[in-house]
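Counting from 1, one number per residue, gives the positions in the sequence shown under our numbering. Where is the CB? At the ideal position from N, CA and C, for every residue including glycine. Let me begin by presenting the structure, written as structure tokens, before commenting on it.
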Amino acid sequence: MASALVLAGAAQAEDRFVVERSGDSSAQTVFFVPGLASSGATWDGAVAALGDSADVHVFTLAGFAGVPATANEGSFIEGAAEALAGYIAQGGYTDVSVVGHSLGGQVALQVAARAPEAVSAVMVVDSVPFYARLFNTLTTPEQAAASASGISAQFRAMTQEQYVAMMEQGLPVQSLDTSVHPVLMEWVTASDREVVVQAFAEVAGNDFSPVLDDVRAPVLVLTAWAPGSPVDSESVRRLYAGQYEPLADGRVEVIEGARHFIMIDQPDAFNARLARFLSDRR
Numbered sequence: 001m002a003s004a005l006v007l008a009g010a011a012q013a014e015d016r017f018v019v020e021r022s023g024d025s026s027a028q029t030v031f032f033v034p035g036l037a038s039s040g041a042t043w044d045g046a047v048a049a050l051g052d053s054a055d056v057h058v059f060t061l062a063g064f065a066g067v068p069a070t071a072n073e074g075s076f077i078e079g080a081a082e083a084l085a086g087y088i089a090q091g092g093y094t095d096v097s098v099v100g101h102s103l104g105g106q107v108a109l110q111v112a113a114r115a116p117e118a119v120s121a122v123m124v125v126d127s128v129p130f131y132a133r134l135f136n137t138l139t140t141p142e143q144a145a146a147s148a149s150g151i152s153a154q155f156r157a158m159t160q161e162q163y164v165a166m167m168e169q170g171l172p173v174q175s176l177d178t179s180v181h182p183v184l185m186e187w188v189t190a191s192d193r194e195v196v197v198q199a200f201a202e203v204a205g206n207d208f209s210p211v212l213d214d215v216r217a218p219v220l221v222l223t224a225w226a227p228g229s230p231v232d233s234e235s236v237r238r239l240y241a242g243q244y245e246p247l248a249d250g251r252v253e254v255i256e257g258a259r260h261f262i263m264i265d266q267p268d269a270f271n272a273r274l275a276r277f278l279s280d281r282r
């Protein structure tokens, strides 16, 4: 598997991500974008399942999981998307399917809007454009921004020990597979804390819904449900579907028996759905 640093653009010679490429360079092009404080290794199982059936590009964003941080002026998510769109243009890639988890799902949608001639499909894994409305459907953008600002201030005021302990408390929501929890925490502790706080504030405090009007590629959204959730799986599906209603071609499906890292909790179900999704694009 080859690995290379890729520049964000000629104007700012800044590294926005690292990328690992594998598979068959003459096959269908698939980009994988992980989420907040996550490594591209998030996708190891999916990449192995694809084998040589695809030209696979796995990204890890700058500041996450040991990749050095870079200066981020403006939006972290939009900056990452602009860099990925530049990577597409530089490489002359066409008919690209972009798969993004969590924050990476919003990056994927932004890429599709920026490169509509090159991005032919998007799979979003457990992510919505207006995160705050998952918890209160009446939340306004102003309320979400204020809440995110307050939480970010709390993050910055914590000691490193307090910050790590808080992240550990959220592990049961991330994955049902407790064996992967130490790996997730390794990624968190290897991530640049300020970048994580900035990126989290963007996810929690912004409404990215307007980009959906500019996405022309088909979009499949996978969300998770597991026993013990406060609502049933159909209610979860409807909640996500409501956020993606503006899409020209969108579909929401639930993978049961999983938390946020669907590809880790239900690898067989996830890989089967991914294979079908990619097959439909051929």
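Minimum C-alpha distance to residue i - residue among the options
i      : options                       : result
Ala144 : Met158, Pro116, Phe208        : Phe208
Ala81  : Ala115, Ala37, Asp95, Val183  : Ala115
Phe155 : Ala241, Ala199, Tyr131        : Ala199
Ile255 : Trp187, Asp265, Val56, Pro182 : Asp265
His57  : Val67, Val231, Ala275, Asp44  : Asp44
Asp95  : Gln110, Gly105, Val122        : Val122
Leu171 : Thr159, Ile151, Ala71, Met185 : Met185
Val107 : Ala71, Thr60, Leu134, Tyr93   : Thr60
Glu234 : Pro141, Pro68, Glu253, Asn72  : Glu253
Anticipated Cβ contact below 8 Å, residue i with residue j, distance rounded
i      : j      : result
Ala217 : Ala112 : 5 Å
Val211 : Val99  : Contact doesn't hold; Cβ gap of about 17 Å is too wide.
Phe17  : Ala62  : 6 Å
Arg273 : Ser120 : Wrong, their Cβ atoms sit about 17 Å apart, outside the cutoff.
Gln243 : Val125 : In fact, because the Cβ distance is near 14 Å, the residues do not count as touching under 8 Å.
Pro182 : His101 : Actually they do not touch by this definition, with Cβ atoms about 19 Å apart.
Bridge partners - residue i, DSSP secondary structure assignment
i      : result
Val58  : Glu20, Phe32
Asp52  : Asp52 pairs with nothing; no bridge assigned.
Leu222 : Val125, Glu253
Residue ranges of each alpha helix (DSSP H) within the stretch 85-136, 4 or longer
103-114
Any contact between the stretch 172-192 and the stretch 257-270? By contact I mean 3 or more CB pairs, one from each, below 8 Å.
yes
Continuous alpha helix (DSSP H) assignments of at least 4 residues falling wholly in the stretch 246-276
262-265
At 4 residues or longer, and completely inside the stretch 157-195: list those alpha helix (DSSP H) runs for me, N to C.
160-169, 171-174, 181-190
Touch test, the stretch 62-76 against the stretch 86-99, Cβ-Cβ under 8 Å, three pairs minimum
no
With three or more beta-carbon pairs closer than 8 Å as the criterion, would you say the stretch 186-206 touches the stretch 218-228?
no
Examine the Cβ distances between the stretch 44-60 and the stretch 20-29 and report whether three or more of them are shorter than 8 Å.
yes
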